[in-house]
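Inspection log for the structure reproduced underneath, given as structure tokens.
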Amino acid sequence: MSQPVSAVNIVVLASGYGSNLQAIIDAINSNRLSAKLTAVVSDQKNAFALERAQRENVPAIYVNAGKKPDRKEFDRILQEALNGLKFELIILAGFMRILSAEFVERYHGCIMNIHPSLLPRHKGTNTHERVLRDGDDFHGATVHFVTPELDAGPIILQKRFRVAVDDTVMRLEEKVHECEHQIYPQAIQMFAEGLISI
Ligand code: GRF
């Protein structure tokens, strides 16, 4: 008989709307994902992701790093916020800051990110624009482990779709979001089940 999977404690870092956070919350609440959301942390005071956390009675933490902190200074403040929280996995879900190599190495194998392209194609920003500009046949989303090199960590899951002739940036964004909302909870579940590691 198979053993029940014990829930993985996760902290979600998000800067904005938080639709991926919501997909994770929904997957937990419908028992599709064995995870416990310990906290949501944001670098943006008005991120809707923080409100989504509050609705679930999950601690919503705004990391106030002042006007223009450098990467190390920001990570020091982020680290302070994380100290005392219980988690085995950090989930980047639309978190718009690049973490320092020291921070990433401290949590080696314990940070996941979702990226709006079929990595290694289109690292960085403006992925939908670049897909249209380059006339790509396919587009999609990637969940990967985070390593110090940006958008280059080991790939866990991808979901793709064929680009239609009348697709626009906005339509591609919607389609990519649909992919993301499916594969992010799945990837976290794989981690919870001990099926993946760096
Ligand atoms: C997603 O497309 C993700 O791939 C990118 O930022 C977006 C965040 O969307 N890193 P949301 O805040 O989860 O709605």
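The opening residue of the sequence shown carries number 26 in the working numbering; numbering runs sequentially from there. For each residue, glycine too, the CB sits at the ideal point set by N, CA and C.
Can you name, in chain order, every residue of its own chain whose Cβ lies under 7 angstroms from the Cβ of residue i, other than the five neighbours on each side?
| i | result |
| --- | --- |
| Gly134 | Phe170, Ser222, Ile223 |
| Leu144 | Thr167, His169, Asp176, Ile180 |
| Gln207 | Lys184 |
| Lys70 | Tyr87 |
| Ile29 | Per the sequence presented here, residue 29 reads as Pro, with Ile not at that position. Correct list: empty, nothing qualifies. |
| Pro210 | Ala48, Ile49, Ala52, Arg57, Leu58 |
| Leu182 | Val168, Ile208, Gln211, Ala212 |
| Ile123 | Arg96, Leu175 |
Given the structure, does residue i come close to the ligand ZN, in the sense that its CB is under 8 angstroms from one of the ligand's heavy atoms?
| i | result |
| --- | --- |
| Ser40 | Absence of the ligand ZN from the depicted structure is noted, with the ligand GRF being the only ligands included. |
Can you tell me whether residue i sits near the ligand GRF, meaning its C-beta is under 8 angstroms from at least one heavy atom of the ligand?
| i | result |
| --- | --- |
| Ile139 | yes |
| Ser44 | yes |
| His202 | yes |
| Glu205 | yes |
| Gly149 | no |
| Phe170 | no |
| Phe216 | no |
| Phe186 | no |
| His76 | What sits at residue 76 in the sequence shown is Glu, not His. Checking the Cβ of Glu76 against the ligand GRF gives no. |
| Phe120 | yes |
| Glu198 | yes |
| Ala32 | no |
| Ala85 | no |
| Ala166 | yes |
Quick one: is residue i buried, meaning 16 or more other Cβ sit within 10 Å of its Cβ, or exposed?
| i | result |
| --- | --- |
| Gly165 | buried |
| Ser67 | buried |
| Phe163 | exposed |
| Gly149 | exposed |
| Met137 | buried |
| Lys111 | exposed |
| Gly178 | buried |
| Leu62 | buried |
| Val194 | exposed |
| Leu220 | exposed |
| Lys93 | exposed |
| Ser31 | exposed |
Between residue i and the rest of its own chain, which residues show a CB-CB distance below 6 angstroms, the 5 nearest in sequence each way excluded?
| i | result |
| --- | --- |
| Leu46 | Val37, Ala39, Ala74, Arg77, Ala118 |
| Glu1 | Residue 1 cannot be examined here, being either before or after the span of the chain that is shown, 26 to 223. |
| Gly43 | Phe73, Ala74, Arg77 |
| Gln79 | Ala85 |
| Gly41 | Ala72, Gly119 |
| Ala64 | Val36, Pro84, Ile86, Leu110 |
Within the 9 angstroms Cβ cut-off, does residue i reach chain B?
| i | result |
| --- | --- |
| Phe120 | No chain B appears in the structure shown, which is made up of a single protein chain. |
Beta-carbon within less than 8 angstroms of residue i's beta-carbon, same chain only, minus the 5 sequence neighbours each way: which residues are those?
| i | result |
| --- | --- |
| Glu154 | Val194 |
Exercise for review: Report yes or no: do three or more beta-carbon pairs, one from the segment 125–142 and one from the segment 49–64, lie closer than 8 angstroms?
Suggested key: Touching, no, given that fewer than three Cβ pairs across the two stretches are closer than 8 angstroms.
Check your understanding: Counting Cβ pairs, one atom from each stretch, are 3 or more of them under 8 angstroms apart for the segment 97–107 and the segment 185–204?
Key -> no
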